[in-house]
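Student:
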Amino acid sequence: MRITDIQLRQYRWQRETPIRNGMHSYASSGLSLLQIDTDAGLTGIGWAGLPQTQGMAKVGQGLLEHFKPLLIGADPFNYRRIWESLWVPKLVGRRGLSTRFISGIDIAIWDLLGKATGKSVHKLLGAARDRVPAYIAGGYYEDGKGLRDLAAEMEENLALGARAVKMKIGGASIAEDVERVRVVRGAIGAGIKLMVDANCAYSRREAINIARKIEPYDIFWFEEPLPADDYRGHGKLADATSIPIATGENEYTRYGFRDLIANDAAAIYNADAQVLGGITEFMNVAALASAHELHIAPHGDQEIHAHLVGAIPNGLIVEFYRETVDANRGHIFNERLQLDQDGCLTIPDRPGLGATPNFDFLERFRVN
């Protein structure tokens with residue numbers, strides 16, 4: 181089996197109401213799909229963590245033109261050889277958009293390998309378990325969204341089966357955010373895991389300050405408290421609070437995670453296969469974390485990461501997005517993962533990733 185073509189399909193849509201975290205506001209959402217075709221008639225689909233901004237279409241096409249000649253004629257089962265041929269720092273950069281694009285290619289290759297063998301990606305990677313815990317991500321800032329609305333959102337999450345939820349902090353004063361955390365804890369009760377995510381909004385002093393003030397609310401983890409490259413600061417914060425620190429959604433390749441771990445930056449690493457270099461590199465990161473007795477709790481789409489958390493013994497929990505993050509979330513794929521009454525996801529046993537894009541629905545949002 182040989183690769184005959186690779187295509188990029190980009191989709192973008194406006195949000196009815198922009199959402200905001202500790203650092204950024206999002207007025208739009210979207211999807212960047214990479215399709216790999218073969219001479220065996222099989223197709224693999226992957227999606228890359230490219231920003232859904234106005235100028236990204238041209239950037240994506242430029243990256244496609246660069247990488248395509250390296251893929252044509254390759255045997256997809258030589259996935260490690262392919263990865264090394266794509267990730268050449270002198271030519272494409274050690275991080276950033278090019279590595280995110282490689283991520284999408286690698287994910288598509290794994291989807292293709294699953295279809296070629298009739299196995300799910302989860303099974304190909306070792307299948308440590310068939311069900312994985314999940315948390316519902318949300319709790320964004322929105323214009324007109326008050327404390328009652330925030331509490332109601334979290335109560336809806338529990339009605340969907342959630343046993344863990346995440347909310348944003350860092351986009352308001354520390355006093356306001358402490359109150360928001362208090363209200364959410366009151367709404368969900370004592371038996372539910374509560375994560376807070378600052379999206380790199382704080383200085384070290386601010387992060388220590390709010391961490392100490394929210395400790396009484398039994399926080400499961402404090403995510404991205406500091407700028408992503410402040411490895412040493414994460415370690416100092418970890419020493420200053422009883423709340424476990426989580427980070428890594430903006431980190432790239434095994435080398436970046438090596439440096440995070442060397443600085444004792446966190447107890448939990450939010451490695452994202454759509455960002456760091458794909459499934460192949462995610463498994464390298466997971467093995468590195470395992471050697472240090474550290475957990476992986478990926479950032480990013482449940483359709484990919486349910487397979488990966490289920491494949492590794494140190495997988496902690498999967499991030500789960502619902503329509504409060506993106507109103508189109510339930511329409512993007514023909515198949516839909518759902519939480520069970522224990523707040524877990526059953527990993528699809530279909531070949532590949534088991535997630536088929538709903539191209540008929542997506543076509544109206546195609547970026548040409």
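Residue numbers for the sequence shown follow my numbering, so the first one is 181 and each next one is one higher. All C-beta atoms, glycine included, are put in the ideal place defined by N, C-alpha and C. Bear in mind the structure is a predicted one, so any value in this text is a computation, not a measurement.
1. So the candidates are 489, 503, 495 and 511; which of them puts its Cα closest to the Cα of residue 301?
2. So, does the segment 207 to 214 touch the segment 256 to 273, judging by three or more C-beta pairs under 8 Å?
3. Which residue comes first and which comes last in the alpha helix (DSSP H) that contains residue 436?
4. Check this for me: beta carbons of residue 314 and residue 519, under 8 Å apart or not?
5. What is the rounded straight-line gap between the Cα of residue 391 and the Cα of residue 382?
6. Could you please give the first and the last residue of the uninterrupted beta strand (DSSP E) stretch that includes residue 500?
7. For residue 317, count neighbouring Cβ atoms within 10 angstroms of its own Cβ and tell me buried if that reaches 16, exposed if not.
8. Tell me whether residue 332 is buried or exposed, calling it buried when 16 or more other Cβ atoms sit within 10 Å of its Cβ.
9. Given 8 Å as the limit, is there contact between the segment 393 to 408 and the segment 423 to 436, that is, 3 or more CB pairs closer than that?
10. If I measure Cβ to Cβ from residue 418 and keep anything under 6 Å in the same chain, skipping five residues before and after, which residues do I get?
11. Would you identify the three-state DSSP class for residue 410, choosing helix, strand or coil?
12. So, under 8 Å CB-CB, residue 265 and residue 250 are touching, yes? Tell me the CB distance rounded to an integer number of Å.
13. Give a yes or no on whether the C-beta atoms belonging to residue 444 and residue 209 are separated by under 8 Å.
14. In this structure, how does DSSP classify residue 196 when only helix, strand and coil are distinguished?
15. Using the Cα positions of residue 415 and residue 449, report the straight-line distance between them to the nearest angstrom.
16. Tell me whether residue 217 sits in a helix, a strand or coil according to DSSP, three-state version.
17. Can you tell which of 270, 389 and 438 has the C-alpha that lies nearest to the C-alpha of residue 464?
18. Mind checking residue 468: buried by the 16 CB within 10 Å criterion, or exposed?
19. Could you spell out where the alpha helix (DSSP H) holding residue 259 opens and where it closes?
20. Just to confirm, are residue 523 and residue 516 a CB contact at a threshold of 8 Å?
21. With three or more C-beta pairs closer than 8 Å as the rule, is the segment 357 to 371 touching the segment 539 to 547?
22. State yes or no: is the C-beta of residue 483 within less than 8 Å of the C-beta of residue 535?
23. Considering only the alpha carbon of each residue, which of 234, 358 and 363 lies closest to residue 388?
24. Please identify the residue among 512, 526 and 528 whose C-alpha is closest to the C-alpha of residue 540.
25. Are the beta-carbon atoms of residue 344 and residue 373 separated by less than 8 Å?
26. How long is the line joining the alpha carbons of residue 336 and residue 218, rounded to whole angstroms?
27. Output the residue ranges of the alpha helix (DSSP H) runs that lie fully inside the segment 221 to 289 and measure 4 residues or longer, sorted by chain position.
28. Let me confirm a value: residue 190 is counted as buried when at least 16 other C-beta atoms fall within 10 Å, else exposed. Which label applies?
29. Look up residue 182 in the DSSP assignment and give the residues it is bridged to.
Tutor: Quick look at the numbers:
1. Looking only at 489, 503, 495 and 511, the smallest Cα-Cα distance to residue 301 is reached by 489.
2. No: the two stretches stay apart, fewer than three of their Cβ pairs being nearer than 8 Å.
3. According to the DSSP assignment, residue 436 belongs to the alpha helix (DSSP H) that extends over 433 to 442.
4. For residue 314 and residue 519, yes; Cβs fall inside 8 Å.
5. Taking the straight line joining both Cα atoms gives about 11 Å.
6. It spans 498 to 500 - the beta strand (DSSP E) in which residue 500 sits, taken as one unbroken run.
7. Flag for residue 317 reads buried.
8. Its Cβ having fewer than 16 others within 10 Å, residue 332 is exposed.
9. Yes: at least three Cβ pairs fall under 8 Å.
10. 425, listed in sequence order.
11. The answer is coil: DSSP assigns residue 410 none of H, G, I, E or B.
12. Contact holds; Cβ gap of about 5 Å.
13. No, these two residues do not count as a Cβ contact at 8 Å.
14. Residue 196: strand per DSSP, three-state reduction.
15. Computed Cα separation, rounded: 13 Å.
16. If DSSP states are grouped into helix, strand and coil, residue 217 belongs with the strands.
17. Of the candidates 270, 389 and 438, the one whose C-alpha sits nearest the C-alpha of residue 464 is 438.
18. Residue environment: residue 468 is assigned as buried (16 or more neighbouring CB atoms within 10 Å of its CB, all protein chains considered).
19. Run containing residue 259: 259 to 266, per the alpha helix (DSSP H) assignment.
20. With respect to the 8 Å criterion, residue 523 and residue 516 are not classified as neighbours on the basis of their beta carbons.
21. With contact defined as three or more Cβ pairs closer than 8 Å, the segment 539 to 547 and the segment 357 to 371 are not in contact.
22. In contact: residue 483 and residue 535 (Cβ atoms closer than 8 Å).
23. Nearest of 234, 358 and 363 to residue 388, Cα basis: 358.
24. The residue with the shortest Cα to Cα distance from residue 540 is 512.
25. Contact flag set, yes.
26. In a straight line, the C-alpha of residue 336 is about 44 Å away from that of residue 218.
27. Entirely contained in the segment 221 to 289, the alpha helix (DSSP H) runs reaching 4 residues are, in chain order, 236 to 251, 259 to 266 and 269 to 272.
28. Of the other Cβ atoms in all chains shown, 16 or more fall within 10 Å of the Cβ of residue 190; this residue is therefore buried.
29. DSSP links residue 182 through a beta bridge to no other residue.
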